[in-house]
Amino acid sequence: MPTYTSDNKNKVSGTFTFRQGVHPPESKELTERRPIKEIRLESGKTVVIPMSQHLGAPCKPLVEARQEVKAGDVLGSSDAFVSAPVHSPVNGVVKEVSAQPHPSGRKVLSVVITTGQEQPPQQPWQELPDTFDSKNYEPEAIIKAIRDAGIVGMGGAAFPTAVKLVPNPQKPVETVILNGCECEPFLTSDYRLMVEAPEAIVAGLQLALRAAGARNGIIAIENNKPEAISSILPVIKNIDTIRLAICQTKYPQGGERQLIKALLKRNVPTSGLPLDVKVVVINVGTASAITWASLEGRPVTERIVTVTGRGIKEPGNFRVPVGMLLSDLLDICGGLTDDAEKIILGGPMMGVTADNLDIPILKGTSGITVLTTHEVSRIKETACIRCSRCVDHCPVGLVPTRIAHAVKARDLDMAQEYDMMACIECGCCTYICPAQIPLVQYIRSGKTMLRTAKGGVKRK
Ligand code: SF4
Ligand code: SF4
C-alpha cells in the first residue's frame, strides 16, 4: 500500500464503502501478475461483428458480402441518439452479413469477416506523447471523437459513452468517477490496465471531465490493488482536479450506485441515472478508449480481456480484437482442462453462462471465467428457510426472496410492488442463500417477462 507522504496526502482519501454486500473469494491470483499479451489474428480467421453490442438502437450494416474492408472501417451505424457505430478490427473480406450467435443467447445480425494476409501494425496503448494537454481538446471535439469511435461502457454495461458525457444544461455534471474497483472475483483486466497504462487512463478522465464540463475527477480503486494505486498516484500528482479514493474490498463495490453512495453519499433514484445526482461513472477501459479516440481518432476495435479460472490451461490478460471468436481465444490459452465444466462470460457473480463457443468477444466483454466440475455447485435448490440472509446482504435494500416468490408465481404486479426493477442483478442474494435458491436468476427472468409484456422496455 502506498504511504501517505507530503506529495500525495491531499491526493488520496479512504477507506470508502457502502452498506451490505458480500465478500466472495477474490481468486485474482490466477492472472493478476500476468502482463497483458497482444493477440494477433492469422490470415483466414473468422471475425464476427454484431450490429448490436451496446445498449440502444442496433446499427445498420454499411457493407456487403465480398467487400474488402480495412481495420478501422465503419461496418455499421445508426442515426439514433443512443447507439454506437461498429468498426472492423482487421483487414479482410466480408464473408457474409447474417444473423450469428451472440453472447446474449440470441442470433444477432452481424458482419462476418475473413482476415486477410496483411494486417496493420499494433497501435500504442500505454505511453502518451509528452505534449499531451487536455486543454488543447475542445469539449465538442471530444464528444464527437467518442461518438465516432463507437465507445461504450467497457466494464460490461456497454452504454454509449458519448450519451453519458454530452452536456445537458438541465442536468450539469459535477463529478466524473473513474471506476477502477473491479470487484468481480477472478477478473483482472482493469487492474492490469491501471498498472500498465496509468497515463492513458488518467488522460481519458481529464478528457471526460472537459467533455462533460465537470470540476471533480475521482479515481476509485479497492484496497486489494496496491500496485494499481502506486501506478496511478504519480500520474495525478500535479493534476488539481483529480484525486484518488481508496475503497474497501467488498462486492459489489464497483456498482455505479454503490460507488456513488460510498464516495459522495448520494442516492441515485431507482429509475434514474447517476446524472440525476450530478455524477458520471466511467470504467478504466472506457477512459483509455477516450484517450486514443481523442488523440488519434482511433475506434474501439480491441479491448483487454481476462481469461481465467481453474478450468483453463493458461490463464492470462490479453489485448483482443473485438469480434474474435471465443473458441479461438480459448485455444490461445491452451484450451480447457479435463475437468472444465462451465464457461462464464464475465465473472462468477454477474456473468452469464456461454452455451456456444462460436460467439464473438464484444466491446463489453471484460473476462471469461472457466469453472471446474468441483467448483460448480451441484447442490439442488431447497425450500426457503426464512433466514433473511438475502435481505441482510442486498446492497439495494430489497427483499429478494419475496421478489423471487412472486416471479415463480408469475405475479409480476407483486414483483413490481417489491421493487423488482431496482435490482442491479449483483447476485449477492444467490451467493449468500443457504437453500441454494437462484434468486437473481428468478429476478432476471421476471424482468425479462415484464419487458416482454410491456413490448420491450429498454434495460437501464
Ligand atoms: S435482489 Fe438484486 S440487488 Fe439485491 S442482492 Fe439480489 S441481485 Fe443484488
Ligand atoms: S437467503 Fe435463501 S433461505 Fe434465507 S431467506 Fe433468503 S431465500 Fe430464504
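Read the sequence shown against my numbering and you will find it ends at 506, with the numbers running on by one and no gaps.
Ideal Cβ positions, reconstructed from N, Cα and C, are used throughout, including at glycine.
Remember, it's a predicted structure, so these values are computed and weren't measured experimentally.
Counting only the same chain and skipping the five closest in sequence on each side, list residues whose C-beta sits under 6 Å from that of serine 59. Cβ within range, chain order: Ala291.
Pair within 7 Å by beta-carbon distance, isoleucine 197 and valine 346: In contact: isoleucine 197 and valine 346 (Cβ atoms closer than 7 Å).
So, at 6 Å on beta carbons, what are the nonlocal neighbours of glutamate 142 in its own chain, with the 5 sequence-adjacent residues on each side left out? Answer for glutamate 142: Ala111 and Val158, listed in chain order.
Pairwise C-alpha distance: serine 412 and valine 93: Each residue's alpha carbon lies about 18 Å from the other.
Give the C-beta separation of glutamate 268 and glycine 392 to the nearest angstrom, bearing in mind that I take them to be a contact with Cβ-Cβ under 8 Å. So it is not a contact: roughly 18 Å between Cβ atoms.
Is glycine 259 closer than 7 Å to proline 215 when the C-beta atoms are compared? No. Outside cutoff.
Select from Gln294, Asp179, Thr494 and Phe205 the residue whose C-alpha is nearest the C-alpha of alanine 103. Comparing Cα-Cα distances from alanine 103 to each of Gln294, Asp179, Thr494 and Phe205, the minimum goes to Phe205.
Local conformation of alanine 308 per DSSP, three classes: Helix at alanine 308.
Is any non-hydrogen atom of ligand 1 found closer than 6 Å to the C-beta of glutamate 427, if you look at the structure I gave you? For glutamate 427, the distance from the CB to the nearest heavy atom of ligand 1 is not below 6 Å.
Isoleucine 470: beta carbon under 6 Å from a heavy atom of ligand 1? Yes.
Any chance the stretch 233–246 sits against the stretch 156–175, with 3 or more Cβ pairs inside 8 Å? By the Cβ criterion, the stretch 233–246 is in contact with the stretch 156–175, since at least three pairs of Cβ atoms, one from each stretch, lie closer than 8 Å.
Assigned secondary structure, leucine 174 (DSSP; H/G/I helix, E/B strand, else coil): If DSSP states are grouped into helix, strand and coil, leucine 174 belongs with coil.
Helix, strand or coil for glutamine 294, going by three-state DSSP, please let me know. In the three-state reduction of the DSSP assignment, glutamine 294 falls in the coil class.
Please confirm if the stretch 362–381 is in contact with the stretch 399–419, defined as three or more CB-CB distances below 8 Å between the two stretches. At 8 Å Cβ cutoff, the stretches touch.
Alanine 266 versus isoleucine 82: straight-line alpha-carbon distance, rounded: Take the alpha-carbon of alanine 266 and the one of isoleucine 82: they are about 22 Å apart.
Could you check how far apart the C-beta atoms of leucine 382 and leucine 375 are, in whole angstroms? I think they sit under 8 Å. Beta-carbon to beta-carbon, leucine 382 and leucine 375 are separated by about 12 Å, too far to satisfy the 8 Å threshold.
Would you say the beta carbon of threonine 476 comes nearer than 6 Å to a heavy atom of ligand 2? Judged by the Cβ position, threonine 476 fails to qualify as a neighbour of ligand 2 at the 6 Å threshold, every heavy atom of the ligand being at least this far.
I need the boundaries of the beta strand (DSSP E) containing isoleucine 414, first residue and last residue. DSSP places isoleucine 414 inside the beta strand (DSSP E), whose first and last residues are 413–418.
Grab me the residues of arginine 356's own chain with a C-beta within less than 6 Å of its C-beta, minus the 5 sequence neighbours each way, in chain order. The answer, listed in chain order, is Thr418.
Comparing C-alpha positions only, which one of Pro185, Leu239 and Arg86 sits nearest to glutamate 273? For the set Pro185, Leu239 and Arg86, the Cα lying nearest the Cα of glutamate 273 is the one of Leu239.
Which value, in whole angstroms, describes the spacing of the CA atoms of serine 317 and alanine 468? If you take the alpha carbons of serine 317 and alanine 468, they lie about 7 Å apart.
Would you mind reading off the limits of the alpha helix (DSSP H) that contains leucine 101? That residue, leucine 101, is in no alpha helix (DSSP H); it is neither H nor E in DSSP.
Which value, in whole angstroms, describes the spacing of the CA atoms of serine 52 and isoleucine 189? Bear in mind that a pLDDT of 49 at serine 52, under 50, signals an unreliable position, so the model cannot answer this.
Quick one: residues in its chain with C-beta nearer than 6 Å to the C-beta of arginine 65, no 5 flanking neighbours on either side, listed in chain order? Closer than 6 Å at Cβ, skipping near neighbours: no residue.
CA-to-CA distance, valine 281 to methionine 495, given in whole angstroms: Methionine 495 and valine 281 have their C-alpha atoms roughly 47 Å apart.
Below 8 Å, can you find three or more Cβ-Cβ pairs linking the stretch 428–439 to the stretch 476–485? Because the criterion of three Cβ pairs below 8 Å is met, the stretch 428–439 and the stretch 476–485 touch.
Pairs of beta-carbons, one from the stretch 455–463 and one from the stretch 284–298, closer than 8 Å: are there three or more? In short, these stretches do not touch, since the Cβ pair count stays below three.
Counting only beta-carbon atoms, is lysine 307 nearer than 7 Å to chain D? Of the protein chains in the structure, only one exists, and it is not chain D.
Comparing the CB of alanine 195 with every heavy atom of ligand 2, is any distance shorter than 6 Å? For ligand 2, not one heavy atom lies less than 6 Å from the Cβ of alanine 195.
With a threshold of 6 Å, establish whether the CB of cysteine 440 neighbours any heavy atom of ligand 2. Incorrect: cysteine 440 has no Cβ contact closer than 6 Å to ligand 2.
Tell me whether the stretch 315–334 and the stretch 352–366 touch, counting them as touching only if at least three CB pairs, one residue from each stretch, are closer than 8 Å. The answer is no - the stretch 352–366 does not touch the stretch 315–334, with fewer than three Cβ pairs under 8 Å.
Proline 70, buried or exposed, once every other Cβ within 10 Å from all chains shown has been counted against 16: Buried.
Any heavy atom of ligand 2 within a distance shorter than 6 Å of the CB on serine 276? Not under cutoff, so the answer is no.
Say yes only if the C-beta of serine 491 is nearer than 6 Å to one or more non-hydrogen atoms of ligand 2, and no if none qualify. Not under cutoff, so the answer is no.
Where arginine 505 falls, given that 16 or more other Cβ within 10 Å makes a residue buried: With a pLDDT of 39 at arginine 505, under the threshold of 50, the modelled position of that residue is not reliable, and no figure is offered here.
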